[in-house]
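Peer 1: Following this message is one structure expressed as structure tokens.
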Amino acid sequence: MDFKRKGKLPWLDMVLYSIKHRGFSNTCSLGWKEWRKERQLGINTFGDSSTDELSIESDSKLGGHLYQPSSSVIFGRAMKELPFSFSDKVFLDVGSGKGRAMILAAEAGFKKVIGVEYAAELNDIAHTNIEVVKSRFPKTEFELREGDALEYKMPEEVDVIYLFNPFDEETICKLLQQLKQIFNRDKKIYLVYVHPVHCNIFEEAFGKPVSTITNWKGIADVVIFCN
Ligand SMILES: C[S@@+](CC[C@H](N)C(=O)[O-])C[C@H]1O[C@@H](n2cnc3c(N)ncnc32)[C@H](O)[C@@H]1O
603 MDFKRKGKLP WLDMVLYSIK HRGFSNTCSL GWKEWRKERQ LGINTFGDSS
653 TDELSIESDS KLGGHLYQPS SSVIFGRAMK ELPFSFSDKV FLDVGSGKGR
703 AMILAAEAGF KKVIGVEYAA ELNDIAHTNI EVVKSRFPKT EFELREGDAL
753 EYKMPEEVDV IYLFNPFDEE TICKLLQQLK QIFNRDKKIY LVYVHPVHCN
803 IFEEAFGKPV STITNWKGIA DVVIFCN
């Protein structure tokens, strides 16, 4: 699957890709659960958008992948691997799209969730989605930044950095410089990488993941690194 450009029938591409990697019944069950989660939260994060369709003013545009929302099922599995409760922890979504992972993090109980996204249209939708759910999660502070993730200085307070396949190898290598500095901090930081197509780059820098979640074919859905 081309992560940068949409095919002629993007939904079909995605469904076929999922069937190939997860199997038919798992794909149907996942689709149903995600649809139910949208309804339950009253948000609208479905759909996909390639960088060509979005107004992005950033040099990193070429390295950016398609917008796709996080799966709540995979997100939940990833969060179960983290060895702490979230009520005093800060979650950062790098490439936050329409805000789905941020909202799932609020639902999981994080004290604060931060998102950084360079596509204005997606960010506007994320703002709307967050407004819809805000009152459900009064203990969570939401912060949404519009801009290039490579130019965003990750704050000291961050505990969990979340990447759902946001960009290509070259851009990951650029982000790595900042991540290396963050991993040098005294406190524990977890890097949760979903759909980890460039996992080898992090492995070279940080060693083996502390946790890997695989799908029915044994392919990694999520890898988690820790300093
Ligand atoms: C696969 S989507 C994930 C969306 C969201 N994190 C979620 O889990 O629902 C990747 C997102 O990264 C954004 N992105 C890609 N490159 C970026 C960059 N350099 N700076 C900020 N956002 C970026 C894309 O616009 C897209 O919304």
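Going left to right, the sequence shown walks through residues 603 to 829 as the numbering used here numbers them. For each residue, glycine too, the CB sits at the ideal point set by N, CA and C. Just so it is clear, the structure is predicted and the values come from calculations on it, not from any experiment.
Whole angstroms is fine: what's the gap from residue 779's alpha carbon to residue 637's?
Peer 2: Locating residue 779 in the sequence shown gives position 177, counting from the first residue. Locating residue 637 in the sequence shown gives position 35, counting from the first residue. Their backbone Cα atoms lie some 37 Å apart in a straight line.
Peer 1: Taking the alpha-carbon positions, what's the residue 704 to residue 805 distance?
Peer 2: One-based indexing of the sequence shown puts residue 704 at position 102. One-based indexing of the sequence shown puts residue 805 at position 203. Approximately 25 Å between the Cα atoms of the pair.
Peer 1: Mind the definition here: the region 707-719 touches the region 741-760 only if three or more C-beta pairs lie below 8 Å; say whether that holds.
Peer 2: Flag = yes, the region 707-719 and the region 741-760 touch.
Peer 1: Flag this pair as touching only if the region 795-810 and the region 743-758 have three or more C-beta atom pairs under 8 Å; answer yes or no.
Peer 2: No, because fewer than three Cβ pairs between the region 795-810 and the region 743-758 fall closer than 8 Å, the two stretches do not touch.
Peer 1: DSSP three-state call for residue 759: helix, strand or coil?
Peer 2: Residue numbering aside, residue 759 sits at position 157 when the sequence shown is read from its first letter. Coil.
Peer 1: Between which two residues does the alpha helix (DSSP H) containing residue 717 stretch?
Peer 2: Residue numbering aside, residue 717 sits at position 115 when the sequence shown is read from its first letter. Taken as a continuous stretch (DSSP letters only), residue 717 belongs to no alpha helix (DSSP H), being part of the beta strand (DSSP E) at 714-719.
Peer 1: What does DSSP give as the partner residues of residue 765 in its beta bridges?
Peer 2: Walking along the sequence shown from the start, residue 765 turns up at place 163. Partner(s): 795.
Peer 1: Residue 820: which of 623, 613, 688, 657 sits nearest, CA to CA?
Peer 2: To locate residue 820, count along the sequence shown from 1; it is residue 218. When only C-alpha atoms are compared, the closest one is 623.
Peer 1: So within the region 661-738, which uninterrupted beta strand (DSSP E) runs reach at least 3 residues, ignoring any that extend past its ends?
Peer 2: Qualifying beta strand (DSSP E) stretches, in chain order: 692-696, 714-719.
Peer 1: Return yes when the Cβ of residue 785 is within less than 7 Å of the Cβ of residue 829, no when it is not.
Peer 2: As a working mapping, residue 829 is identified with position 227 in the sequence shown. As a working mapping, residue 785 is identified with position 183 in the sequence shown. Yes; because the gap between Cβ atoms is below 7 Å, this pair is in contact.
Peer 1: Would residue 760 and residue 680 qualify as a contact pair, given that the criterion is a beta-carbon distance under 7 Å?
Peer 2: Looking up residue 760 in the sequence shown gives position 158. Looking up residue 680 in the sequence shown gives position 78. No, the pair does not count as a contact, with Cβ atoms beyond the cut-off.
Peer 1: According to the Cβ coordinates, are residue 702 and residue 672 closer than 7 Å?
Peer 2: On the sequence shown, residue 702 is found 100 positions in, with the first residue counted as 1. On the sequence shown, residue 672 is found 70 positions in, with the first residue counted as 1. Result yes, Cβ atoms of residue 702 and residue 672 sit closer than 7 Å.
Peer 1: With residue 657 and residue 722 assumed to form a contact (beta carbons below 8 Å), what rounded beta-carbon distance in angstroms separates them?
Peer 2: Taking the first residue of the sequence shown as 1, we reach residue 657 at position 55. Taking the first residue of the sequence shown as 1, we reach residue 722 at position 120. Residue 657 to residue 722, Cβ: 6 Å. Contact.
Peer 1: Can you check which of these residues, 620, 613, 614, is closest to residue 823 by C-alpha distance?
Peer 2: Here residue 823 is taken as the residue at index 221 of the sequence shown, counted from 1. The shortest Cα separation from residue 823 among 620, 613, 614 belongs to 620.
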